[in-house]
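All the letters of the sequence shown, read from the start, carry residue numbers 0 to 173 under numbering that gives the first Met the number 0.
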Amino acid sequence: MDKPPLDGTSQQSGTQHSTLNTQHSTSRRQAGFTLIELLVVIIIIGLLAALVGPQLFGRVGKGKQAAAQAQIELFGAALDNFRLDVGRYPTSDEGLKALLTNPGGVENWDGPYLKKEELPVDPWTHSYVYKAPGEHGDYDIVSYGGDGVAGGEGENQDVVSWKSIRQGGGKVEQ
Numbered sequence: 000m001d002k003p004p005l006d007g008t009s010q011q012s013g014t015q016h017s018t019l020n021t022q023h024s025t026s027r028r029q030a031g032f033t034l035i036e037l038l039v040v041i042i043i044i045g046l047l048a049a050l051v052g053p054q055l056f057g058r059v060g061k062g063k064q065a066a067a068q069a070q071i072e073l074f075g076a077a078l079d080n081f082r083l084d085v086g087r088y089p090t091s092d093e094g095l096k097a098l099l100t101n102p103g104g105v106e107n108w109d110g111p112y113l114k115k116e117e118l119p120v121d122p123w124t125h126s127y128v129y130k131a132p133g134e135h136g137d138y139d140i141v142s143y144g145g146d147g148v149a150g151g152e153g154e155n156q157d158v159v160s161w162k163s164i165r166q167g168g169g170k171v172e173q
């Protein structure tokens, strides 16, 4: 004959307790991820970020260069309208500001030739450099890229009015 347990519980309740304990530990295992699983996921995300991140940042730089090229082309169209009205391009001293306000003493000025109230800056928040007469045409317009100095590669490459960025941009001597 089986003896009852000394703690006052029956053997049947011990079996139920063991079943409940098994169910509890099973549901606990299903409730979350283990530390190793979380570490593996974090490592995979880190590797993906390391591979994809630089490509995305490279595209941002190319996008800024394309925006600078488009702005330079818009300046070119506005400068052509200025020349049609006035008979000449603005001088280097008058600069691109002559597209917004009459530089004074200029007859037939019919501006502003740009829609904005202030002179736009390049995508890196640097001022465009305007020179007339230019070394490469009637005028030169230059954005010195991300670093703001002449020359450079990648995002720091100069964007110039006389050469498309698809043709390799331009390197400018200051």
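Backbone N, C-alpha and C fix where the C-beta goes; we use that ideal spot for every residue, glycine too.
None of the values given here were measured: they were computed from a predicted structure.
Handout entry: Bounding residues of the beta strand (DSSP E) (the contiguous stretch that carries Lys-130)
Key = 128-130
Problem - Residues that Lys-162 bridges to, as DSSP identifies them - result: Val-159
Exercise for the section: Starting from the C-beta of Asp-84, find all residues in its chain whose C-beta is less than 7 angstroms away, skip the five residues before and the five after it, and write them out in chain order. Expected result: Asn-107, Trp-108 and Asp-109
Problem - Beta-carbon proximity list for His-125, same chain, < 8 angstroms, skipping 5 on both sides - result: Ser-142, Tyr-143 and Gly-147
Handout entry: Backbone CA spacing between Glu-172 and Thr-90 [nearest angstrom]
Key = Bear in mind that the predicted position of Glu-172 carries a pLDDT of just 44, short of 50, making it too unreliable to give a figure here.
Handout entry: Close Cβ partners of Gly-103 (< 6 angstroms) along its chain, the five nearest in sequence each way excluded
Key = none
Exercise for the section: Would you check whether the ligand ZN has a heavy atom nearer than 7 angstroms to the C-beta of Thr-100? Expected result: Absent from the structure shown: the ligand ZN. Ligands present: none.
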